[in-house]
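Single-structure report; data block below.
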Amino acid sequence: MVIDGHVHVGQSLYGLGVTPEQLLQVMDEVGINKSVIVPVKPRDYDLSKANSYVAQAVRDYPDKFIGVARIDPWLGNDAIEELERACLYQKLKGIALHPWEENFQINNPIVFPIMDFAERNKLPVVIEGGYPHVSHPLQIADLARRYPKVTVVMTNGGELDLSGFTRGDAHTAMKLCPNLIMGTSGLCSHERLVDTVNQLGPNRVIFESHLPMMEPSLEILRITRASISEEAKEAALSGNALRIYS
Amino acid sequence: MIIDAHAHIDEVQALGWIDPPEKLVSLMDKAGIDKAVVATYANLPGFNPTAMEYVANAVNKYPERLIPYVRLDPWYGDRAIEVLVEAVEKFNFKGVKFHPVHYTLHPYGEQTVNIIKKAADYDIPVMFHCSDEEMSLPLQIELAVKKVPEAKVICAHLGGYFHNNDVVRMAATYENLYVDTCEFPYPKYIKKVVEQAGAEKVLFGTDLPTTNPFVEMEKIKLAGVTEEQEKMIFGGNIARILKL
């Protein structure tokens, strides 16, 4: 069983886009059984409609997709109402925040009511990690440590920095916050993956392809070809996602 | 023959990056990589004056496997040039590595340009860390390339996560500009460089030992280039540049 922990569906304002049907084809080619799907930022800027699109895809293919709602914390109470609609009524299984595309720092207090909602409703929060100024891993840790009961998934390992300097910060963030999980898309440092598994245990890592930004056939190799135990591979490829999105 | 155009050996306690040559060579053996270009993490001149001997000793131990580049800090001006002269003339180093994020200087500043000119005199390549961070942006490196068009300049990491289009355009624009493929995550941009600049511009690199060599190799195979182009990328091009 392979679960892709992070895929964007729909036509993005920023050019890329896959439909649920195109995603199913890619999953088939790469050997992925199930995908956690998150809306793109759509051309009409309407994340509520985009959440409904994801919810519809989950209804159409319930064995294939786990849906996550995306909201803009700048919308204040409207964002909370949208979460009630998308997560409580449409049954999406998590909350996605994209600080880069929605323009906010992840530890800005506008995010706190969303974390309160996540805690009340036992929903995981997925944060696009590693973007300069808005989702540096220590900013993510500053949020995550305030909500120790909320599972926080940071994508991209929390580092989009090939100089390697953010790597130590991201690892420190993981050590500071036991509720923090890292996704592996674009995570070039195999040593970081191995250190995470060996030092923090096999439950802190999930495979994510980050389609369409990244390439699933390459991304999956970061786990399948890693020097970690079979147990840790299985946890990263499915066990951890099943637990987080149960 | 598979040649990795970008790898590291060094032992830097302050960063916790402990990567002796044995560790690199063992990963190369595992992945089937025949030779690797190596540089330290430390810049010269700098906090570790023995960095050049460290690399030279490693090459003596693995003469068929390791190809040395000298990693320089242009802050030191003429002293950095003296190190380059010693590296080439005494130790037969084959190229220069710049990581401007480590020393925080503009790539097109006079002190860096002077070193690039000296490297061009020796006809050895200059590799820049070329990614998303300040001081290593492709457009900053382009200004250096314009000042020394005869120098062979390698943009490592193909522009990182976000600056790939700039690097593709630069590879297509400047005759002596090359790219390497290590760490960055997009096979499709390898194909773009091949299509727009030519397969002779692309160098396979891993940034070992922190990375997974199998992932880095598969990235090339996923780019969708011809078998002949793949061979050039996996070693033919860097062998030509370094006159191996």
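Each protein sequence line maps, in turn, to chains S and B. Position one of the first sequence corresponds to residue 1 (this note's numbering), numbered consecutively onward. Position one of the second sequence corresponds to residue 1001 (this note's numbering), numbered consecutively onward. Cβ coordinates follow ideal geometry from the N, Cα and C atoms, glycine included.
- If you keep only unbroken beta strand (DSSP E) runs of at least 3 residues inside the stretch 90-175 of chain S, you get 95-97, 125-127, 152-154.
- Within chain S, the C-beta atoms nearer than 7 angstroms to that of P1187 (chain B) come from E215, L218, in chain order.
- Taking the Cα positions, K149 (chain S) is about 54 angstroms away from K1152 (chain B).
- At least 7 angstroms separates the CB of H8 (chain S) from every CB of chain B.
- When beta bridges are read from the DSSP output, P1068 (chain B) appears opposite B:V1038.
- A check of alpha carbon separations from E1216 (chain B) across S:N240, S:S189, S:V40 identifies S:S189 as the nearest.
- Taking CB atoms only, T1210 (chain B) has a neighbour in chain S less than 7 angstroms away.
- Y1054 (chain B): member of the alpha helix (DSSP H) spanning 1051-1061, first to last residue.
- Three or more Cβ pairs drawn from the stretch 8-28 of chain S and the stretch 42-53 of chain S lie within less than 8 angstroms of each other, which places the two stretches in contact.
- Short of 6 angstroms from the beta carbon of Y1174 (chain B), and not among the five residues preceding or following it, lie these beta carbons of its own chain, in chain order: V1145.
- Put simply, the backbone Cα of S1136 (chain B) is about 33 angstroms away from that of R70 (chain S).
- If you compare the alpha carbons of S:L187, S:V40, S:G201 with that of I228 (chain S), the shortest gap goes to S:G201.
- Annotation: Cβ neighbours of R222 (chain S) in chain B (cutoff 7 angstroms, chain order): N1212, V1215.
- DSSP lists B:V1012 as the beta-bridge partner residues of W1017 (chain B).
- Neighbourhood of G1160 (chain B) in chain S, by CB distance below 7 angstroms: L162, in chain order.
- Between the alpha carbons of S163 (chain S) and H1099 (chain B) lies a gap of roughly 8 angstroms.
- As computed with DSSP, S12 (chain S) is found in a beta bridge with S:P42.
- Contact between F1093 (chain B) and P1068 (chain B) holds, since their C-beta atoms are separated by about 5 angstroms, short of 8 angstroms.
- Counting the other CB atoms within 10 Å of its CB gives T151 (chain S) a total of 16 or more, which places it among the buried residues.
- Measuring C-alpha to C-alpha distances from L88 (chain S) to each of S:D60, S:S52, S:N107 identifies S:S52 as the nearest.
- Taking the Cα of E1064 (chain B) as reference, the smallest distance to any Cα among B:E1086, B:I1002, B:A1051 is reached at B:I1002.
- Taking a beta-carbon distance threshold of 7 angstroms, H98 (chain S) does not count as an interface residue toward chain B.
- Our two residues, P132 (chain S) and Y1161 (chain B), have alpha carbons roughly 12 angstroms apart in a direct line.
- Using a CB distance cut-off of 7 angstroms, E1218 (chain B) counts as an interface residue toward chain S.
- A direct Cα-to-Cα measurement between A1199 (chain B) and V40 (chain S) gives close to 34 angstroms.
- Between the stretch 1124-1139 of chain B and the stretch 1096-1116 of chain B there are three or more C-beta pairs closer than 8 angstroms, enough to call the two in contact.
- Taking V1012 (chain B) as reference, the option from B:N1043, B:D1180, B:A1119 with the minimal CA-CA separation is B:N1043.
- Distance between E215 (chain S) and D1180 (chain B), taken at the CA atoms: about 18 angstroms.
- According to DSSP, R70 (chain S) shares a beta bridge with S:A96.
- In this structure, DSSP gives M1127 (chain B) an extended state, which the three-state scheme calls strand.
- H1106 (chain B) is outside the set of residues whose beta carbon lies under 7 angstroms from a beta carbon in chain S.
- Using a CB distance below 8 angstroms, the part of the stretch 1103-1132 of chain B facing chain S consists of H1129, S1131, D1132, ordered along the chain.
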